[in-house]
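*Asks:* FYI, the numbering for the sequence shown is 2 to 109, going by our numbering. Every residue, glycine too, gets a C-beta built ideally from N, C-alpha and C.
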Amino acid sequence: WEEVKVVVVSGDSRLLLAGTGDNVVLWRFSPSDGTEPQELRHLHGGGLYLASADMSPLTGASLIAIGFTNGRFEGWRAATQASNEMGSAVTDLWKLPRAGLSRFTAIS
2 WEEVKVVVVS GDSRLLLAGT GDNVVLWRFS PSDGTEPQEL RHLHGGGLYL
52 ASADMSPLTG ASLIAIGFTN GRFEGWRAAT QASNEMGSAV TDLWKLPRAG
102 LSRFTAIS
């Protein structure tokens, strides 16, 4: 890993989002059952450099708002508990390209 530039942890400490120069990774932790951390999403390169991020609690999940240095703005819904359904851990809520607009420096 390069230098970590952005770290956001959910209020219940189950989700952690980390951003480096060219990586964005979202993990889920389940400390009560002793399982290993689970990587839910990993974006690498392609101009998706994380500028800012924030999380807000939802019922059984967290809303993750992410701003990239190229102006792109994404929203994800990430489940805080493991599920038996394939692909249900992270849902894309929006992906706004914001081409030609200034980048987000803070989200709150």
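(1) Report the partner residues of proline 38 according to the DSSP bridge assignment.
(2) Between the Cα of glycine 72 and the Cα atoms of Ala54, Ala83, Ser31, which residue gives the shortest distance?
(3) Work out the CA separation of histidine 45 and lysine 6 for me, nearest whole Å.
(4) If you run the structure through DSSP and keep just helix, strand and coil, what is valine 91?
(5) Only counting the same chain, and skipping five residues up and downstream in sequence, which positions put a Cβ closer than 7 Å to that of proline 98?
(6) Going straight from the alpha carbon of threonine 70 to that of serine 31, what length do you get?
(7) Of the residues Ala52, Gly68, Trp77, which one's Cα is nearest the Cα of leucine 111?
(8) If you reduce the DSSP assignment to three classes, tell me which class phenylalanine 74 lands in.
(9) For alanine 80, tell me which candidate among Gly20, Gly22, Leu64 has the shortest Cα-Cα distance.
(10) Using a Cβ-Cβ distance under 8 Å, would arginine 29 count as near chain D?
*Replies:* Quick look at the numbers:
(1) For proline 38, which the question treats as bridged, DSSP gives no partner whatsoever.
(2) Ala54
(3) 14 Å
(4) strand
(5) Arg73
(6) 31 Å
(7) Residue numbering for the chain in the displayed model covers 2 to 109; residue 111 lies beyond these limits and cannot be assessed.
(8) strand
(9) Leu64
(10) Within the model displayed, chain D is absent; a lone protein chain is all it includes.
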